[in-house]
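Heads up: take any position in the sequence shown, counting from 1, add 37, and you land on the numbering used here. C-beta: ideal position from N, C-alpha, C; glycine also. Structure record follows, encoded as structure tokens.
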Amino acid sequence: MAEALARNPIALRRFITYEALGKVPVFEAYKNFCKRFGEDVMTYVDYEFWYYRALHGELDVKYDRSVDPRQPALLELPMEMLWAIFEKANPIERLIVRKVCSRLQTCIDTMYNKIDEIRFDSSFDGPVEIKYEKDVVQYRGDKGCSVFRYSIQPHHKPAVVKNVDHVEQAIRDLSILFRNPKILQTSTVFEAFSVKNYDSDKLLKAIRGGGRPLWNGVETRPGSCIFKIPIANSDKFWKLDLSGKMVHLERR
Numbered sequence: 038m039a040e041a042l043a044r045n046p047i048a049l050r051r052f053i054t055y056e057a058l059g060k061v062p063v064f065e066a067y068k069n070f071c072k073r074f075g076e077d078v079m080t081y082v083d084y085e086f087w088y089y090r091a092l093h094g095e096l097d098v099k100y101d102r103s104v105d106p107r108q109p110a111l112l113e114l115p116m117e118m119l120w121a122i123f124e125k126a127n128p129i130e131r132l133i134v135r136k137v138c139s140r141l142q143t144c145i146d147t148m149y150n151k152i153d154e155i156r157f158d159s160s161f162d163g164p165v166e167i168k169y170e171k172d173v174v175q176y177r178g179d180k181g182c183s184v185f186r187y188s189i190q191p192h193h194k195p196a197v198v199k200n201v202d203h204v205e206q207a208i209r210d211l212s213i214l215f216r217n218p219k220i221l222q223t224s225t226v227f228e229a230f231s232v233k234n235y236d237s238d239k240l241l242k243a244i245r246g247g248g249r250p251l252w253n254g255v256e257t258r259p260g261s262c263i264f265k266i267p268i269a270n271s272d273k274f275w276k277l278d279l280s281g282k283m284v285h286l287e288r289r
């Protein structure tokens, strides 16, 4: 059935219309579309066109696009214009935007970013909080990860990332900022980074087997490792005691 519909542009546009009228966010709707019909059936730019037509009440799925002068889509704008659009976004908003597609990832990663402080706080078996200036993002969950942003949504439904540990998701998001070569930080604070007992075994197994755990690490003695955090243009090292805390080591 899906293969037959994939060859029918009118049916595809009707499907897009249903998603738009159901107020499914456009990128989430496009991911649903690709999962159902295939990733090569329609580009995001074309999907976005039909989605926003339907969202604005224009429901003619047989509309001829050639009669209108073509307007450049967001992803087709020059990089300089994308920088101008996102320059006022805060670090969290940029982190969200870069996950949309590879072009926006390149845009965000090549922008100048200034962060006065990043505070990472994780209590044993509890939520992880990352503070980016005035924004606080909290990661919770066991089998999945619920992400709360307290600066704008104290009572709103969180974003949910399935099948990922909440600590690992927090570190992944944090490491994205660290990899940006244009980031400027005056301070980075790590507090109470705890490792669960069963995670200790996984980390040691990954290190001894040549794998890559959350950060590149080397076992220095039984139960203790040195991890290098990938901060751009930096050789900062942190010591992770698998029984407890993560502390900063002075460079030598």
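- Per the coordinates, the alpha-carbon of Leu111 lies some 36 Å from the alpha-carbon of Pro164.
- Straight through space, the alpha carbons of Glu117 and Arg44 are spaced by roughly 37 Å.
- About 4 Å separates the Cβ atoms of Arg156 and Lys168, confirming a contact at the 8 Å cut-off.
- Taking the Cα of Gln175 as reference, the smallest distance to any Cα among Met148, Lys72, Asp210 is reached at Asp210.
- As summarised for the stretch 109–169, the continuous beta strand (DSSP E) elements at least 3 residues long and confined to that stretch are 150–152, 155–159, 165–169, given in chain order.
- Its chain contains Gln175, Pro195 as the residues whose beta carbon lies nearer than 6 Å to that of Phe185, once the 5 sequence neighbours on both sides are disregarded; these appear in chain order.
- Spanning the alpha carbons of Asn69 and Asp153 requires a straight line of approximately 38 Å.
- Around the beta carbon of Arg131, 16 or more other beta carbons sit within 10 angstroms, so the residue counts as buried.
- When secondary structure is reduced to three states using DSSP, Asp172 falls in the strand class.
- The three-state secondary structure of Leu96, taken from DSSP, is coil.
- DSSP places Arg51 in the helix class (H, G or I) of the three-state scheme.
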